[in-house]
Amino acid sequence: MPRLNFAMLLIGIFCLTLICPSDCQAADSAKKPNILFIFADDQCFDTIHSLGNEEIQTPSLDRLVARGTTFTHAYNMGSWSGAVCVASRMMLISGKFLWHAERDYAETSKRYLDTGRLWPQLMAKAGYDTYFTGKWHIRADATKAFKVARNVRGGMPNQTEAGYNRPIEGQPLKWTPWDQSFGGFWQGGKHWSEVVADDACDYLDAARRSENAFFMYIAFNAAHDPRQSPKAFVDRYPLEKVSVPKNFVPEYPFNEAMKSGRTLRDEKLAPFPRTEYAVKVNRQEYYAIITHMDQQIGRILDTLDASGQADNTYIFFSADHGLACGQHGLMGKQNMFDHSVRVPLMVVGPNIPVGEKRDANVYLQDIMATSLELASTERPDYVEFNSLLPLVRDKSQPGYEAVYGAYLNGQRAITLGDYKLILYPEAKKTLLFNVKTDPLEMHDLSEQPKHQKTVKHLFARLLELQKETGDELDLKAAYPTL
């Protein structure tokens, strides 16, 4: 009789598995932590109040800094096109280094979406409900990549001609951030940042009724231009209280060497030569749209807390890249300076150290690998970025020894130790900065004899990074003596 009972028990378990496999899987996935990823656009690493910018107001992002661990040296590798956000997001969604991701980009839908290799698809396989709203900007169909996708936006809101070559001191403003007649972020009748927050809050409320954990990819178009926000937010930043960056110059001296310069759309936003007035207005509007977005992030965090799911949720905040907005005589992000390649990155959640900082070198795309580890799912071999969790748990753990940077074939960079080497291969121009003593990258050391050994050392390491990232540009031909 005992043997018969045991046999019947096994049969019962087998039958239950056949009858309700989805219920069993849901019960298992409910034990997993939720993942909330909040993504900004064009937000420089130095635009958060609690991280040192006393001019900007970011109470919600300050809240994340206080509640978790902040990576102060998070980077984007660069871009194969003028639209830096495309490359950044393709690396993020595929897990591939820059030039490997570029070669896959043309076949994103075929090679990744159809084979289930995109980040949200990997999370779905791990038992997650996946959700997206906002800026997508890769070729794969977001409505197929996620179980639920709402208000999928393109690369940027439409920019009116009145938004370029402005402002000119002494002339009336032809464009204001709060004038809804210009469309852009106001297209559709409600500011896009508010729509993103509405979507996120609505899904958070619904997610608490699911037995599955959630993976939410919440992507703001802010703070991309046209930098529009309600007038009340612009009024928070009177021009007399907006500083001109210390590394401001009327025009970047190596515009032609960069193979970008005056011809780039981003650079046409302000007049040439740059004036302090134009830079201050652009920074005023930049700060205002970030503060407006910050308010929407606060709504999302409040909704998460009220839903009762916060204790089992990991929150990641970052941006796809930074922005010059007047530094070095530049307005855009198509350059290798820290203001354009470094981004904020905060991690909040269960057992994450509170109010701590890590200065190890990381890439923002490491968030993808980190989420896979938190989901207790195996990281595929093709994912080249690393999990942040070892660094979160132990501040003595090293990040990437060296940071790689590239823009088209016109720029290359490496940051190693205290130094950054920037190359303009087509012009055979070299720049060297001590980013520890000169964080604003204002004093080029490359021509000084005592630094030639450092230049050659960084160049040799950059050649190695080229192989790791799939970079086929022949730097030795441009710099035969290095």
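Quick note: the sequence shown uses the working numbering, first residue -18, plus one each step. Yeah, the Cβ is synthetic: ideal placement off N, Cα and C, and Gly gets one too. This one's a predicted model, so the numbers in the text were calculated from it and none came from an experiment.
Residue interval of the beta strand (DSSP E) (run including residue i)
i      : result
ALA341 : Careful: ALA341 lies outside any beta strand (DSSP E) and carries neither H nor E.
ALA107 : Run containing ALA107: none; DSSP gives neither H nor E here.
PHE196 : 195 to 200
ALA394 : 392 to 397
LEU413 : 410 to 415
LYS376 : Looking at the DSSP string, LYS376 is not in any beta strand (DSSP E), and its letter there is neither H nor E.
LEU402 : 400 to 405
Where residue i falls: helix, strand or coil (DSSP)
i        : result
MET274   : helix
GLU18    : Here residue 18 is Phe; the residue named in the question, Glu, does not match the sequence. It is a strand residue.
ARG(-16) : Model confidence at ARG(-16) stands at a pLDDT of 40, short of 50, so the residue's coordinates are unreliable and nothing is read from them.
LEU443   : helix
LYS77    : coil
LYS222   : helix
ASP455   : coil
LEU45    : helix
TYR460   : coil
LYS13    : coil
THR435   : helix
GLY165   : helix
TYR381   : coil
PHE52    : strand
LEU421   : coil
LYS227   : coil
SER31    : helix
ALA68    : helix
ALA203   : coil
ALA213   : helix
SER3     : In this prediction, SER3 scores a pLDDT of 38, lower than 50, which makes its location untrustworthy; the coordinate-derived value is nonetheless stated afterwards. The answer is helix: DSSP assigns SER3 an H, G or I state.
ALA305   : coil
LEU(-10) : A caution first: LEU(-10) carries a pLDDT of 40, below 50, which makes its placement in the model unreliable, though a value can still be read off. Helix.
ALA8     : Reliability of the predicted coordinates at ALA8 is poor, the pLDDT of 38 falling under 50, and the value obtained from them is presented with this limitation in mind. DSSP places ALA8 in helix when its eight states are reduced to three.
THR450   : helix
Proximity test, Cβ basis, 8 Å: residue i and chain B
i     : result
TYR86 : Judged by its chain identifiers, the structure shown contains no chain B, having just a single protein chain.
CB-CB length for residue i against residue j, believed under 8 Å
i      : j      : result
PHE298 : ILE16  : At roughly 12 Å, the Cβ-Cβ gap does not stay under 8 Å, so PHE298 and ILE16 are not in contact.
GLY169 : ASN139 : Their Cβ separation, rounded to whole angstroms, is 11 Å, which puts GLY169 and ASN139 out of contact at 8 Å.
PRO226 : GLY307 : 5 Å
MET239 : GLY391 : 6 Å
GLU266 : LEU311 : Not a contact, Cβ separation roughly 16 Å.
TRP159 : GLY144 : About 13 Å; that fails the 8 Å criterion.
VAL416 : LYS401 : 5 Å
LEU154 : GLN346 : Actually they are not in contact, since the Cβ atoms of LEU154 and GLN346 sit about 39 Å apart, beyond 8 Å.
VAL67  : ILE19  : In fact, because the Cβ distance is near 20 Å, the residues do not count as touching under 8 Å.
LEU413 : VAL436 : 6 Å
ASP180 : THR284 : About 11 Å; that fails the 8 Å criterion.
ILE57  : ASP301 : Correcting the residue identity first, residue 57 is Asn in this sequence and not Ile. That pair is a contact at about 7 Å.
PHE229 : GLU257 : 7 Å
ASN253 : GLU237 : The sequence given here places Phe at residue 253; Asn does not occur at that position. PHE253 to GLU237, Cβ: 13 Å. No contact.
LEU304 : VAL343 : About 20 Å separates the two Cβ atoms, so there is no contact after all.
TYR268 : ILE29  : 11 Å between Cβ atoms; not a contact.
ASP27  : ASN202 : So it is not a contact: roughly 21 Å between Cβ atoms.
LEU103 : THR358 : 7 Å
GLY59  : ALA387 : 4 Å
Endpoints, alpha helix (DSSP H) assigned at residue i
i      : result
CYS182 : 173 to 188
**Prompt:** Are three or more beta carbon pairs between the segment 346 to 355 and the segment 369 to 377 nearer than 8 Å?
**Reply:** yes
**Message:** Taking 8 Å as the cut-off, does the segment 269 to 280 touch the segment 440 to 451 (at least 3 CB pairs, one atom from each stretch)?
**Reply:** no
**Asked** What are the start and end residues of each continuous alpha helix (DSSP H) run of 4 or more residues lying completely inside the segment 310 to 371, in chain order?
**Response** 319 to 322 and 347 to 355
**Message:** Using 8 Å as the cut-off, can you tell me whether the segment 251 to 261 makes contact with the segment 218 to 233, which would need three or more C-beta pairs spanning the two stretches below that distance?
**Reply:** yes
**Prompt:** Along the chain, which unbroken stretches of the alpha helix (DSSP H) at least 4 residues long are found entirely within the segment 229 to 297?
**Reply:** The qualifying runs are 236 to 239 and 257 to 288.
**Complete alpha helix (DSSP H) runs within the segment 90 to 157 (minimum length 4 residues, chain order)** = 100 to 106 and 123 to 126
**Request:** Assess, as a yes-or-no matter, whether the segment 76 to 88 is touched by the segment 449 to 458 under the definition of 3 or more beta carbon pairs within less than 8 Å.
**Result:** yes
**Given 8 Å, three or more beta-carbon pairs between the segment 319 to 332 and the segment 280 to 299** = With the cut-off at 8 Å, the segment 319 to 332 and the segment 280 to 299 touch.
**At least 3 beta-carbon pairs within less than 8 Å: the segment 378 to 386 vs the segment 106 to 121** = Not touching, per the Cβ criterion.
**Prompt:** Pairing CB atoms from the segment 360 to 368 with CB atoms from the segment 393 to 410, are three or more of them under 8 Å?
**Reply:** no
**Asked** Okay, do the segment 171 to 180 and the segment 123 to 140 touch, 3+ Cβ pairs below 8 Å being the bar?
**Response** yes
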